[in-house]
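K.L.:
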Amino acid sequence: MGITLTPAAANRVQTFLNNRGRGVGVRLGVRTSGCSGLAYVLEFVDDVDDDDQVFEDRGVKVIIDRKSLVYLDGTELDYGKEGLNEGFKFNNPNVKDQCGCGESFKV
Amino acid sequence: MALLQIAEPGQSAAPHAHRLAAGIDLGTTNSLVASVRSGRAETLPDETGAHLLPSVVRYMRDGVVVGEAARKAAASDPLNTLSSVKRLIGRGVADVKRIGSELPYEFVTVDSTVPRVRTIAGDVTAIEVSAEILKILGERARHTLGGELSGVVITVPAYFDDAQRQATKDAARLAGLHVYRLLNEPTAAAVAYGLDRGADGVHAIYDLGGGTFDVSILRLQGGVFEVMATGGDTALGGDDFDAAVAIWLLQQAGASATTDRGVMRHALDVARAAKEALANAETTPIALGLPAGGWRTELSRAQLAALIEPLVRKTISTCRRVLRDAGVTADEIEDVVMVGGSTRTLRVRELVGEFFGREPLVDIDPDRVVAIGAAIQADVLAGNKPDDEMLLLDVNPLSLGIETMGGLTEKIIPRNTTIPVARAQEFTTFKDGQTAMAIHVVQGERELVSDCRSLARFELREIPPMVAGAARIRVTFAVDADGLLQVEAREQATGVSASVEVKPSYGLTDDEITGMLQASIDHAHDDIQLRRLVEEQVEARRVIEALAAALASDGDALLTPEERTAIDAAMERLRLVVGDSREPAAIEAAIKQLENDCEFYVERRMNSNIRKAMAGHRVDEFSEEDGRGAE
Numbered sequence: 001m002g003i004t005l006t007p008a009a010a011n012r013v014q015t016f017l018n019n020r021g022r023g024v025g026v027r028l029g030v031r032t033s034g035c036s037g038l039a040y041v042l043e044f045v046d047d048v049d050d051d052d053q054v055f056e057d058r059g060v061k062v063i064i065d066r067k068s069l070v071y072l073d074g075t076e077l078d079y080g081k082e083g084l085n086e087g088f089k090f091n092n093p094n095v096k097d098q099c100g101c102g103e104s105f106k107v
Numbered sequence: 108m109a110l111l112q113i114a115e116p117g118q119s120a121a122p123h124a125h126r127l128a129a130g131i132d133l134g135t136t137n138s139l140v141a142s143v144r145s146g147r148a149e150t151l152p153d154e155t156g157a158h159l160l161p162s163v164v165r166y167m168r169d170g171v172v173v174g175e176a177a178r179k180a181a182a183s184d185p186l187n188t189l190s191s192v193k194r195l196i197g198r199g200v201a202d203v204k205r206i207g208s209e210l211p212y213e214f215v216t217v218d219s220t221v222p223r224v225r226t227i228a229g230d231v232t233a234i235e236v237s238a239e240i241l242k243i244l245g246e247r248a249r250h251t252l253g254g255e256l257s258g259v260v261i262t263v264p265a266y267f268d269d270a271q272r273q274a275t276k277d278a279a280r281l282a283g284l285h286v287y288r289l290l291n292e293p294t295a296a297a298v299a300y301g302l303d304r305g306a307d308g309v310h311a312i313y314d315l316g317g318g319t320f321d322v323s324i325l326r327l328q329g330g331v332f333e334v335m336a337t338g339g340d341t342a343l344g345g346d347d348f349d350a351a352v353a354i355w356l357l358q359q360a361g362a363s364a365t366t367d368r369g370v371m372r373h374a375l376d377v378a379r380a381a382k383e384a385l386a387n388a389e390t391t392p393i394a395l396g397l398p399a400g401g402w403r404t405e406l407s408r409a410q411l412a413a414l415i416e417p418l419v420r421k422t423i424s425t426c427r428r429v430l431r432d433a434g435v436t437a438d439e440i441e442d443v444v445m446v447g448g449s450t451r452t453l454r455v456r457e458l459v460g461e462f463f464g465r466e467p468l469v470d471i472d473p474d475r476v477v478a479i480g481a482a483i484q485a486d487v488l489a490g491n492k493p494d495d496e497m498l499l500l501d502v503n504p505l506s507l508g509i510e511t512m513g514g515l516t517e518k519i520i521p522r523n524t525t526i527p528v529a530r531a532q533e534f535t536t537f538k539d540g541q542t543a544m545a546i547h548v549v550q551g552e553r554e555l556v557s558d559c560r561s562l563a564r565f566e567l568r569e570i571p572p573m574v575a576g577a578a579r580i581r582v583t584f585a586v587d588a589d590g591l592l593q594v595e596a597r598e599q600a601t602g603v604s605a606s607v608e609v610k611p612s613y614g615l616t617d618d619e620i621t622g623m624l625q626a627s628i629d630h631a632h633d634d635i636q637l638r639r640l641v642e643e644q645v646e647a648r649r650v651i652e653a654l655a656a657a658l659a660s661d662g663d664a665l666l667t668p669e670e671r672t673a674i675d676a677a678m679e680r681l682r683l684v685v686g687d688s689r690e691p692a693a694i695e696a697a698i699k700q701l702e703n704d705c706e707f708y709v710e711r712r713m714n715s716n717i718r719k720a721m722a723g724h725r726v727d728e729f730s731e732e733d734g735r736g737a738e
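Shown next, in the form of structure tokens:
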């Protein structure tokens with residue numbers, strides 16, 4: 001399965017990385033916190049760790065640690081607009097339940 | 108679901124714990140809000156895609172309109188449409204009388220120290236008007252970022268004094284924004300250009316906005332910014348270019364500039380449009396709609412350059428002075444950063460480039476560069492960066508001090524000291540039994556208080572009665588990172604203290620700040636002479652005071668009538684010299700003379716005091732006491 005990016009998301013990640021001037025890719029992950037159990041992590045990556053798995057989609061490297069992959073396998077990263085606000089969205093097929101705002105979720 | 112941004116490695120926020128921060132450039136003509144998203148600082152547009160919010164507020168019977176809609180209504184509704192209020196914020200009634208005559212508003216004449224403008228919706232202060240602008244920008248940031256703001260950084264001209272800074276903070280509070288800190292505009296511009304990540308060196312930031320001019324010399328050393336010197340003019344900018352052009356146009360058209368407020372507003376709009384058009388064209392057509400009928404002409408770059416030349420030259424002489432303050436020469440400047448919409452005017456770029464001997468940096472939109480720097484700083488302060496990557500040192504633009512006897516200023520924090528800073532100095536009482544001390548906080552470079560700006564007054568009471576000069580009163584000046592001043596006076600023996608946080612005193616003298624600096628240089632020699640004179644006068648009065656007190660207590664007991672007459676006469680001679688002479692040396696000599704004349708009396712007093720202290724005691728009493736103490 002792995003992780004995929006929509007064209008919009010790939011485009012934005014590339015732009016942000018270029019703008020930042022360094023970094024090998026983007027990290028997706030989860031950590032335990034938030035109102036519904038798990039929360040997404042979305043960060044720039046400067047160093048790839050040993051237990052990281054690296055996917056590449058549309059020319060963008062997506063880095064994810066093995067533990068997080070269990071919860072995120074099959075996720076599509078999207079970029080969209082809601083009114084004036086814009087940002088990344090996780091389309092995660094593993095999610096069973098999420099909090100009202102969608103910032104944290106359960107599998 | 109929620110929209111996420113990419114964080115720096117290890118800096119992902121917990122859900123619902125995003126620390127949203129924004130930088131706000133609250134400008135004279137236009138204001139902007141910017142934020143860092145996914146590592147990139149950008150100004151935030153409104154629904155129509157416009158980034159700049161004209162700093163114009165129109166008051167109507169049933170509401171308030173801010174921005175472009177208000178600006179458009181300025182010509183038709185000049186009395187209720189307020190622009191350039193940044194020029195008025197934190198200013199006193201006296202300044203407003205001076206600045207206000209150029210502004211087409213009706214000022215309310217009331218007893219209040221805060222000037223108010225009459226509008227259809229009631230009388231408003233510059234703080235309230237600024238708050239309306241900040242509210243719109245705060246709201247825009249909340250909508251765009253999708254949540255409450257944890258804090259904002261608002262930029263102010265480096266030359267804003269404490270009253271103006273406090274007033275800006277008050278406006279933010281009124282708009283419901285938490286202010287992380289105020290940041291000097293030039294410092295923000297340097298951050299936006301990433302000069303902090305470049306090589307060590309000295310940079311100049313030339314910021315010519317709508318209504319304010321600043322030039323700052325920044326030194327980057329080991330990744331740390333230090334503002335070496337700042338200078339500027341809080342009332343010079345593109346508005347003045349517009350006014351110069353507008354007045355000239357009206358003259359050419361044979362109309363009087365003062366006839367009608369609506370006409371002046373229209374002429375200013377036409378002048379501004381022409382100026383902006385000339386950034387990209389050699390000439391531009393002018394169409395002026397006057398009550399007497401339309402009038403057409405053409406304005407060329409050369410004509411514009413000639414009209415604004417004196418104003419631009421004024422900024423260049425400020426640059427020269429600031430370089431001198433910083434102790435550097437023009438060749439030592441690595442980069443010249445251009446900030447503010449008025450730097451788009453070609454003549455400005457030419458003259459600045461000529462003066463510094465290099466092409467100025469103009470890559471980042473000069474209207475947005477300050478907001479972008481503020482956003483980067485806000486992001487750091489919100490804790491969204493790995494560690495405190497930036498340490499920005501600012502300076503206080505004018506010396507801060509207190510008034511001492513004789514109306515002299517004692518500088519406690521000198522001008523261009525890096526802030527935050529705290530300095531303390533000890534003072535004492537002037538009269539025997541003095542139980543209160545008035546602390547008068549002043550700002551400025553001159554030696555006499557009357558030539559400086561008064562910021563605040565307060566009293567330290569309950570000083571225990573002591574002889575003159577025995578009390579030790581420690582006065583501490585602390586300037587925080589926002590440039591706001593707190594002054595505390597503490598009597599060291601009892602710990603009684605009083606303090607003041609400098610709130611707007613709005614009592615600015617007519618001198619402009621730059622004028623104040625220039626005056627301190629022009630009058631340096633006279634001031635020092637005057638200071639010496641006043642110091643001697645104060646010393647003479649202190650000696651007379653002390654002698655009179657002594658005579659009152661034991662003069663009759665220790666002196667024969669002849670001696671008493673001689674001393675009274677000697678004291679009177681000093682009084683006369685103090686009253687007449689303008690020569691410090693003469694007064695000094697007269698004080699010496701009086702001291703000589705009284706020497707025998709001083710000796711007699713001392714002997715008498717020792718006798719009194721010993722009287723009724725035997726030497727063995729002291730050892731007895733010792734014995735008791737040992738039990």
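Those protein sequence lines, which keep their order, are chains W and H. With the numbering used here, the residue at position 69 of the first sequence is 69, and numbering never jumps. To convert, take the position in the second sequence, counting from 1, and add 107; that gives the numbering used here. All C-beta atoms, glycine included, are put in the ideal place defined by N, C-alpha and C.
Ordered along the chain, which non-local residues of its own chain (more than five positions away) have a Cβ less than 7 Å from that of Ala-381 (chain H)?
P.N.:
Val-352, Thr-391, Ile-393, Leu-406, listed in sequence order.
K.L.:
Can you name the residues of chain W whose CB is closer than 8 Å to the CB of His-250 (chain H)?
P.N.:
Ordered by position in chain W, the residues that pass the 8 Å Cβ test against His-250 (chain H) are Gly-83, Leu-84, Asn-85.
K.L.:
Check whether the Cβ atoms of Arg-427 (chain H) and Val-443 (chain H) lie closer than 9 Å to each other.
P.N.:
It is not a contact, given that the beta carbons lie outside the stated cut-off.
K.L.:
What is the rounded straight-line gap between the Cα of Leu-160 (chain H) and the Cα of Arg-126 (chain H)?
P.N.:
Straight-line Cα distance between these residues: approximately 24 Å.
K.L.:
Could you tell me the distance, in whole angstroms, from the CA atom of Leu-5 (chain W) to the CA atom of Glu-56 (chain W)?
P.N.:
Roughly 9 Å between the two C-alpha positions.
K.L.:
With C-beta atoms as the reference, is Ala-114 (chain H) less than 9 Å away from Val-260 (chain H)?
P.N.:
No, the Cβ-Cβ distance between Ala-114 (chain H) and Val-260 (chain H) is not below 9 Å.
K.L.:
Nearest to Leu-371 (chain H) by CA position, among H:Gln-532, H:Leu-397, H:Glu-389, is which residue?
P.N.:
Correcting the residue identity first, residue 371 (chain H) is Met in this sequence and not Leu. For Met-371 (chain H), the nearest C-alpha among the options comes from H:Leu-397.
K.L.:
Give me the Cβ distance between Pro-264 (chain H) and Asp-321 (chain H), rounded to the nearest whole Å; I'm assuming they're in contact under 8 Å.
P.N.:
Confirmed, about 5 Å.
K.L.:
Chain W partners of Arg-147 (chain H), CB-CB under 9 Å?
P.N.:
Per Cβ cutoff of 9 Å: Thr-15, Phe-16, Asn-19, Arg-20.
K.L.:
Give the C-beta separation of Phe-462 (chain H) and Ile-423 (chain H) to the nearest angstrom, bearing in mind that I take them to be a contact with Cβ-Cβ under 8 Å.
P.N.:
With 8 Å as the limit, Phe-462 (chain H) and Ile-423 (chain H) qualify as a contact, their Cβ atoms being about 5 Å apart.
K.L.:
Let me know the secondary structure DSSP gives Met-167 (chain H) once reduced to three states.
P.N.:
Strand, per DSSP.
K.L.:
Hey, would you say Thr-106 (chain H) sits closer than 9 Å to Ser-237 (chain H), going by beta carbons?
P.N.:
The requested residue 106 (chain H) does not occur in the structure, where chain H is confined to residues 108 to 738.
K.L.:
Tell me where the beta strand (DSSP E) around Ile-694 (chain H) begins and ends.
P.N.:
Careful: Ile-694 (chain H) lies outside any beta strand (DSSP E), inside the alpha helix (DSSP H) at 691 to 704.
K.L.:
At 3 residues or longer, and completely inside the region 171 to 201 of chain H: list those beta strand (DSSP E) runs for me, N to C.
P.N.:
Qualifying beta strand (DSSP E) stretches, in chain order: 188 to 190.
K.L.:
In chain order, what residues of the same chain lie with their CB nearer than 6 Å to the CB of Leu-385 (chain H), ignoring the 5 residues before and after it?
P.N.:
Thr-391, Arg-408, Leu-411, listed in sequence order.
K.L.:
Answer with buried or exposed for Glu-82 (chain W), where buried requires no fewer than 16 other C-beta atoms within 10 angstroms of its C-beta.
P.N.:
By the 10 Å Cβ count, Glu-82 (chain W) comes out exposed.
K.L.:
Can you give, in chain order, each stretch of the alpha helix (DSSP H) that sits fully within the region 392 to 472 of chain H and has at least 4 residues?
P.N.:
List check, alpha helix (DSSP H) in window: 408 to 433, 453 to 463.
K.L.:
Nearest CA to the CA of Gln-112 (chain H): which residue from H:Gly-134, H:Gly-146, H:Ala-141?
P.N.:
Out of H:Gly-134, H:Gly-146, H:Ala-141, H:Gly-146 has the C-alpha closest to the C-alpha of Gln-112 (chain H).
K.L.:
Applying a beta-carbon distance threshold of less than 9 Å, which residues of chain H neighbour Leu-42 (chain W)?
P.N.:
Leu-111, Gln-112, Ile-113, Ala-114, Ser-119, Ser-145, listed in chain order.
K.L.:
Output the distance between the C-alpha atoms of Ala-600 (chain H) and Ala-653 (chain H), rounded to the nearest integer angstrom.
P.N.:
One C-alpha to the other measures close to 23 Å.
K.L.:
Quick one: Cα of Leu-281 (chain H) to Cα of Ser-449 (chain H), how far?
P.N.:
Those two C-alpha atoms are separated by around 30 Å.
K.L.:
Would you say Asp-97 (chain W) reaches chain H, if we count a Cβ-Cβ gap shorter than 9 Å as a contact?
P.N.:
It does not; no Cβ of chain H falls within 9 Å.
K.L.:
In the DSSP assignment, what residue or residues form a beta bridge with Pro-571 (chain H)?
P.N.:
The partner list for Pro-571 (chain H) (beta bridge, DSSP) is empty, contrary to what the question assumes.
K.L.:
Using alpha carbons as the reference points, say which of H:Asp-675, H:Ser-604, H:Ser-191 lies closest to Arg-579 (chain H).
P.N.:
Arg-579 (chain H) has its Cα closest to that of H:Ser-604, out of H:Asp-675, H:Ser-604, H:Ser-191.
K.L.:
Show which residues of chain W have a CB atom less than 8 Å away from the CB atom of Gly-253 (chain H).
P.N.:
Glu-82, Asn-85, Gly-87, listed in chain order.
K.L.:
What runs of the beta strand (DSSP E), each 3 residues or longer, lie entirely inside the region 272 to 355 of chain H?
P.N.:
Listed in chain order, the complete beta strand (DSSP E) runs (minimum 3 residues) inside the region 272 to 355 of chain H are 286 to 291, 308 to 315, 320 to 328, 331 to 340.
K.L.:
Check whether the region 296 to 309 of chain H touches the region 431 to 443 of chain H, taking contact to mean three or more Cβ pairs, one atom from each stretch, closer than 8 Å.
P.N.:
Yes, the region 296 to 309 of chain H is in contact with the region 431 to 443 of chain H.
K.L.:
Quick one: residues in its chain with C-beta nearer than 6 Å to the C-beta of Gly-74 (chain W), no 5 flanking neighbours on either side, listed in chain order?
P.N.:
Cβ neighbours of Gly-74 (chain W) beyond the five flanking positions: Met-1, Pro-93.
K.L.:
First and last residue of the alpha helix (DSSP H) that includes Leu-488 (chain H)?
P.N.:
Start and end: 476 to 488.
K.L.:
Is the Cβ of Glu-175 (chain H) closer than 9 Å to any Cβ of chain W?
P.N.:
With 9 Å as the cut-off, Glu-175 (chain H) does not count as an interface residue toward chain W.
K.L.:
Do Tyr-287 (chain H) and Gln-484 (chain H) have their CB atoms nearer than 9 Å?
P.N.:
Contact: yes.
K.L.:
Among the residues of its own chain, which have a CB less than 7 Å from the CB of Lys-538 (chain H), if the five just before and after it don't count?
P.N.:
Cβ neighbours of Lys-538 (chain H) beyond the five flanking positions: Ala-575, Glu-652.
K.L.:
Ignore the nearest five residues each way along the sequence and tell me which others in Ala-596 (chain H)'s own chain have a CB closer than 6 Å to its CB.
P.N.:
Cβ within range, chain order: Ile-546, Leu-567, Ile-580, Val-582, Ala-605.
K.L.:
For a contact defined as C-beta to C-beta under 7 Å, what are the partners of Val-45 (chain W) on chain H?
P.N.:
Those are Pro-116, listed as they occur along chain H.
K.L.:
Is the CB of Val-54 (chain W) under 9 Å away from at least one CB in chain H?
P.N.:
Closer than 9 Å: no.
K.L.:
Buried or exposed: Gly-23 (chain W), going by 16 or more other Cβ atoms within 10 Å of its Cβ?
P.N.:
Buried, since its Cβ has 16 or more Cβ neighbours within 10 Å.
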